[in-house]
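Numbering (the UniProt record's numbering), first residue to last: 1 to 622. Glycine is no exception: its CB is placed at the ideal position from the N, C-alpha and C atoms.
Written out as structure tokens, the structure is:
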């Protein structure tokens, strides 16, 4: 820290009690200066020779036959006045970053100008500020912090503006020219620590990171921090990424619990103002701050009831960067008093923002290509968002109070996004059926229509046909499309199926479950029995055996054309057999005329439970 010593005489100021300060000298004091509750017993000559204001005050008091003056509004209070008084006496005074602004403001108040006496206090302090303080990184920050309690004097003498310019200029300088110390607690690169496998033993000079300054500025109050960041941005030499990192670091330092997505609201007004200011300071360039940071800000803005403008701005930005989000980021707690655990509506609005933004994107736009994830085009972003929402649905499906309509509405908004797999959506649907066993058959039909059975992987298909929670129609569709996939790969047509089975398939034999329309509404509530599932397991294994094979030596088992044709015919017969078993079992148990109320997969009669223990076993896709 820089400092400056003024004067050469020893300090002879003494204390008498708590409220009296005097100069120990042979000469009797002839002036009493009252500052607040403190009395200074001093001498007129050294003070009046350097302070024009004291000259005026003494002249006024002499007219009233009094040697006592009162000063109530001097900036810096008694401590700053004492520095100025010691300077007048020529006593040793040490100025540093912590007291220099108070002394400068007090000297301005006392009018200690060069016109009063050459080499006066104002001149000496200005020289110290310009030659030392403003050239030091950390001293500039300390001085700026001290200006807050000295407003408006510190603003009027331009100390604040000089500090802002000094700090902003240093933060904007080329990192190769940074020669001063700074606080930086992030991990160093392996090469900087000498731990890199490619390290040749010669330690290179440590590279200064671009965001070297962000931690030191976290010490500033939000009002001063806002002015510093604004000044840095006006110089246009710091990238938006670094500005975003600075705002993130400041939020982590100043908002308790922010790193965990929570904010302690013990000082509601203070923290709300802080969050609103950070949102306004966000760089305008797209992708300069992470989506995770934006979502944490949104959580804080909701909790602290920030202004609608700030929340809408966050929603807009998050919608643009939604493909970067994770499921954990989206798990925003519902407001107090809500029945559900998570705020599903806010996520629904974010997806709508993304859809709106995607419809306005021009793939040839240079700005889009320069965004945070330029390798992802609009279509790839939609796939990422669909996968994200599938994972989010699987999480919120565990909430027993989640209404089906919220689940369905959120799933439908990404239904038009083409994605190669529906495994994630199937997992979410299965979780919802597991946690909400009492839903009606119409609701079960509604949720199952979200899924396209043609886009389930082989593993998901195997799980689905054993899933006791799914309606019979869905199980049949899964089996059918699995057979279509197997026969298509062999270049053959699908087998002939009974008309009763084809009635269960969407559009006869093609399409997805969500586009299905049929008069057999009861089929949606029909559930295959344990015997059906046990038979399906064995026959599905038989179905797969013919697709490929290797001999005992690991060589490809070559088949003749006749053998391949026979194998494919056998697949078709097996699949028809599976369908027939399901249908006959369905008729045998009277499921076609089942009641309008839905039965949960686990609610079976005691006899069936005893004879088929596997019937009560629940399956879920992990």
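The C-beta separation of residue 427 from residue 394 comes to about 5 Å, placing the pair in contact by the 8 Å criterion. Residue 108 is classed as buried because its beta carbon has at least 16 other beta carbons within 10 Å across all chains shown.
Contact fails between the segment 7-18 and the segment 144-159, because fewer than three Cβ pairs, one in each stretch, are under 8 Å apart. Cβ neighbours of residue 316 within its own chain (closer than 7 Å, five residues either side excluded): 353.
Taking the Cα of residue 47 as reference, the smallest distance to any Cα among 31, 336 and 35 is reached at 31.
Beta-bridge analysis with DSSP links residue 94 to 5. Contact between residue 81 and residue 35 holds: their C-beta atoms lie close to 5 Å from each other, under 8 Å.
If one requires a minimum length of 4 residues, the alpha helix (DSSP H) runs lying completely within the segment 238-288 are 240-254 and 268-281, in chain order. In the three-state scheme derived from DSSP, where H, G and I count as helix and E and B as strand, residue 468 is classed as coil.
Excluding its 5 nearest sequence neighbours in each direction, residue 114 has C-beta neighbours in its own chain below 6 Å: 120 and 123, listed in chain order. With contacts defined by Cβ atoms closer than 8 Å, residue 441 and residue 419 do not form a contacting pair. Within the model, the alpha-carbon separation for residue 434 versus residue 337 is close to 26 Å.
Pairwise C-beta distances place the segment 215-225 in contact with the segment 249-269, as three or more of them are shorter than 8 Å.
Counting C-beta pairs with one atom in each stretch, the segment 3-10 and the segment 79-95 have three or more that are closer than 8 Å, which means they touch.
Boundaries around residue 14 are those of the beta strand (DSSP E), 13-15, since no alpha helix (DSSP H) includes it.
Close CB contacts of residue 307 within its chain, under the 7 Å cut and outside five residues either way in sequence, are with 276 (chain order).
Shown here, residue 450 sits in coil according to DSSP, grouped into three states, outside any helix or strand. Distance from the Cα of residue 425 is smallest, within the candidate group 453, 443 and 42, for 453. Residue 182 is positioned such that its CB atom lies no closer than 8 Å to that of residue 153. Around the Cβ of residue 401, a 10 Å sphere holds fewer than 16 other Cβ atoms; the residue is exposed. Contact between residue 97 and residue 142 holds, with the beta-carbon distance rounding to 4 Å and staying under 8 Å. Its Cα nearest to that of residue 284, the residue 244 stands out among 223, 381, 244 and 101. Each residue's CA atom was taken as its position, placing residue 56 and residue 21 some 22 Å apart. Within the DSSP bridge table, the entry for residue 68 names 32 as partners. Within its own chain, the residues whose Cβ lies closer than 6 Å to the Cβ of residue 339, once the five positions on either side in sequence are excluded, are 401, listed in chain order. Per DSSP, reduced to three states, the secondary structure at residue 425 is helical.
Around the beta carbon of residue 235, fewer than 16 other beta carbons sit within 10 angstroms, so the residue counts as exposed. With respect to residue 410, residue 357 sits apart: the two C-beta atoms are not nearer than 8 Å. Here residue 26 is exposed. Its C-beta has fewer than 16 other C-beta atoms within 10 Å. Here the alpha carbon of residue 408 sits roughly 8 Å from the alpha carbon of residue 450.
The three-state secondary structure of residue 74, taken from DSSP, is coil. In this structure, residue 58 lies away from residue 71, with their beta-carbon atoms at least 8 Å apart. In this structure residue 180 is exposed. Its beta-carbon is surrounded by fewer than 16 other beta-carbon atoms within 10 angstroms. In the same chain as residue 292, and ignoring 5 residues on each side of it, the C-beta atoms closer than 6 Å to its own belong to 329, in chain order. Burial state of residue 445 is buried, judged by a 10 Å Cβ sphere holding 16 or more other Cβ atoms. Scanning 460, 100 and 469 for the CA closest to the CA of residue 481 turns up 460.
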